Amino acid sequence: MPSFSNKSRTLPVSRRALLKTAGAGAALGLVGTLPSRLFAQEPLKVAAVYTVPTEQQWVSRIHLAANAAKERGDIEYVYSENTANNDYERVMREYCEAGHKLILGEVFGVEDAARDVARDYPDVAFLMGSSFKEDPSVPNFAPFDNYIQDASYLTGLIAGAMSQTKNFGMVGGYPIPEVNRLMHAFMAGVREVAADAKFQVAFIGSWFDPPKAKETAFAQIDAGADVMYAERFGVSDAAQERGILAIGNVIDTQADYPETVVASAIWHFEPTLDKAIEQVKAGSFTAADYGVYSFMKEGGCSLAPLGTFEGKVPAEVKALVAEKEAAIKDGSFTVEINDEEPKSS
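Numbering of the sequence shown is given in the UniProt record's numbering, commencing with residue 1 and proceeding in unit increments.
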């Protein structure tokens, strides 16, 4: 196994702003799917390249799913974290050269380079977090994203009922589709319960800066917010210190904030990863949008248990949440996917 040099880095203000259309004019004539080679008799060699620490919300869910597959004996799993954008391609290539057959990661800031690597290793499958869609010219590269707007909408229903001021603070990392759609879904849920709701929306320009997120949250609380949407780490700390409520995102942190975090939208990466493992082992992995496996009806997201707030959320709101959740799962209700940047109102 080669050694990997990981470096911290600063992410761009907008993932899409620095990206070019992936794969344009670079097709190598690859067609169909990966060669029909079977790996079912032995664990699949999987490697992940992360640009942030594995404790960061988004990446932690990928890491959790990969470790679960490893414990089942389905895969061998190694990873690099805190990989700088300008080092990402090298790390990907070294993992390919080391014989790994499935590469995971998040390539929002290195789209072109990542897809170039995929072209150079047609026998390796790449399952990558991406703002772009699949490209038939790179048949071994499949994008995914955390489309957990279903669960975010449900947390909005709860938040709308729990607020006294109907003033909601929202602190995100960057105004990109992956964040925007969750915020809009939350806001839609809030408005269904509190039509006169006001929202303070801010972005801190970082994926992992808890102190800055906390400072931003304090400013929104000072401006009247009594429920905070904690898209980033640090927001729930501010809410806890000021004695108000918070709504979690991607992971459940209620155990750390038992009197603060009333509800959370949880991302489950297992359906996404398990599908990829199955297809790689069957030799049928191909370019496809794996984002659909984050939908609630696919088991890709859920509302965290209310826990300490089970007896505090009004019964009629819990009934509404159960009704909407059932409708989402059976397809009779669809949460709108809005990728536009949300604004304060």
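From the three backbone atoms N, C-alpha and C, an ideal C-beta is built for every residue, glycine too. Small disclaimer: the values here were computed from a predicted structure and weren't measured.
Practice problem: Can you give me the Cβ contacts of alanine 327 inside the same chain, cut-off strictly under 6 Å, excluding the 5 residues immediately before and after it? | Solution: Phe333
Quiz prompt | Straight-line gap, glutamate 241 to phenylalanine 199 (C-alpha atoms, nearest Å) | solution = 21 Å
Exercise. Would you kindly report the start and end of the unbroken beta strand (DSSP E) that includes methionine 170?
Key: 167-172
Quiz item: Taking glycine 160 as the reference, which of Val193, Phe132, Leu44, Ser137 has the closest Cα?
Solution: Val193
Exercise. Tell me, please, which residues DSSP counts as bridged to leucine 306.
Key: Paired residue(s): none; leucine 306 is not in a bridge.
Quiz item: Hey, glutamate 106 and phenylalanine 132: beta-carbon distance below 8 Å or not?
Solution: no
Quiz prompt | the segment 229-248 in contact with the segment 257-266 per 3-pair CB rule at 8 Å | solution = yes
Quiz item: Under a Cβ-count criterion, where at least 16 other Cβ atoms within 10 Å of its own Cβ denotes burial, should residue 369 be classed as buried or exposed?
Solution: For the chain, the structure presents residues 1 to 345; residue 369 sits outside this window and is missing.
Self-check item: Residues near proline 314 in its chain [Cβ-Cβ closer than 6 Å; skip 5 each side]
Solution: Ala161
Practice problem: Determine the direct distance from the alpha carbon of arginine 232 to that of asparagine 180, and round the result to whole angstroms. | Solution: 13 Å
Exercise. List the endpoints of the continuous alpha helix (DSSP H) containing valine 179.
Key: 177-193
Exercise. Give every residue of the same chain whose Cβ lies closer than 7 Å to the Cβ of glutamine 56, excluding the five residues on either side of it in the sequence, and list them in chain order.
Key: Trp207, Phe208
Quiz item: According to the neighbour-count rule (16 or more other Cβ atoms, all chains shown, within 10 Å of its Cβ), is residue 346 buried or exposed?
Solution: Since the first and last residues shown for the chain are 1 and 345, residue 346 lies out of range.
Self-check item: Cβ shell of valine 52 (< 6 Å), same chain only, five flanking positions each side left out
Solution: Val59, Trp207, Phe208
Quiz prompt | Nearest to valine 117 (by Cα), restricted to the options Gly129, Ile103, Ile148 | solution = Ile103
Exercise. Please state whether DSSP places tyrosine 88 in a helix, a strand or coil.
Key: helix
Exercise. Using DSSP bridges, identify the partner residues of tryptophan 267.
Key: Cys301
Practice problem: Use the C-beta contact count for lysine 101: other C-beta atoms within 10 angstroms, 16 or more gives buried, fewer gives exposed. | Solution: buried
Practice problem: Count the CB pairs spanning the segment 297-314 and the segment 166-175 that are closer than 8 Å, and state whether there are at least three. | Solution: no
Self-check item: Backbone CA spacing between glutamate 89 and glycine 243 [nearest angstrom]
Solution: 45 Å
Exercise. Kindly indicate which three-state DSSP category alanine 287 falls into: helix, strand or coil?
Key: coil
Practice problem: Go ahead and pull the three-state DSSP assignment for glutamate 278. | Solution: helix
Self-check item: Closest Cα partner of glutamate 42 within the set Glu134, Ala69, Ile62
Solution: Ala69
Exercise. Tell me whether phenylalanine 218 sits in a helix, a strand or coil according to DSSP, three-state version.
Key: helix
Quiz prompt | N- and C-terminal bounds of the alpha helix (DSSP H) containing methionine 162 | solution = 149-162
Quiz item: By the 10 Å Cβ neighbour count, where 16 or more other Cβ atoms means buried, how is lysine 281 classified, buried or exposed?
Solution: buried
Self-check item: Whole-angstrom distance between tyrosine 174 and aspartate 145, CA atom to CA atom
Solution: 15 Å
Quiz item: Between the C-alpha atoms of alanine 239 and methionine 228, what's the straight-line distance to the nearest angstrom?
Solution: 7 Å
Exercise. Please check the pair valine 335 and aspartate 150, which I expect to be a contact at CB under 8 Å, by giving their CB distance rounded to whole angstroms.
Key: 5 Å
Quiz item: Does the Cβ of leucine 38 have 16 or more other Cβ atoms within 10 Å, making it buried, or fewer, making it exposed?
Solution: Any reading at leucine 38 needs caution, since the residue's pLDDT is 46, under 50, leaving its predicted position unreliable; the model's value is listed next. Classification of leucine 38: exposed, given that the 10 Å Cβ count is below 16.
Quiz item: Which of helix, strand or coil does DSSP assign to glutamate 106?
Solution: strand
Quiz prompt | Residue closest to leucine 127, alpha-carbon to alpha-carbon, out of Ile148, Met296, Glu316, Ile277 | solution = Ile277
Practice problem: Using the DSSP secondary-structure output, state which residues sit across from glycine 248 in a beta bridge. | Solution: Ser264
Self-check item: Inter-residue CB distance, proline 177 and aspartate 339 (contact presumed, cutoff 8 Å)
Solution: 4 Å
Self-check item: Close Cβ partners of glutamine 279 (< 7 Å) along its chain, the five nearest in sequence each way excluded
Solution: Phe285
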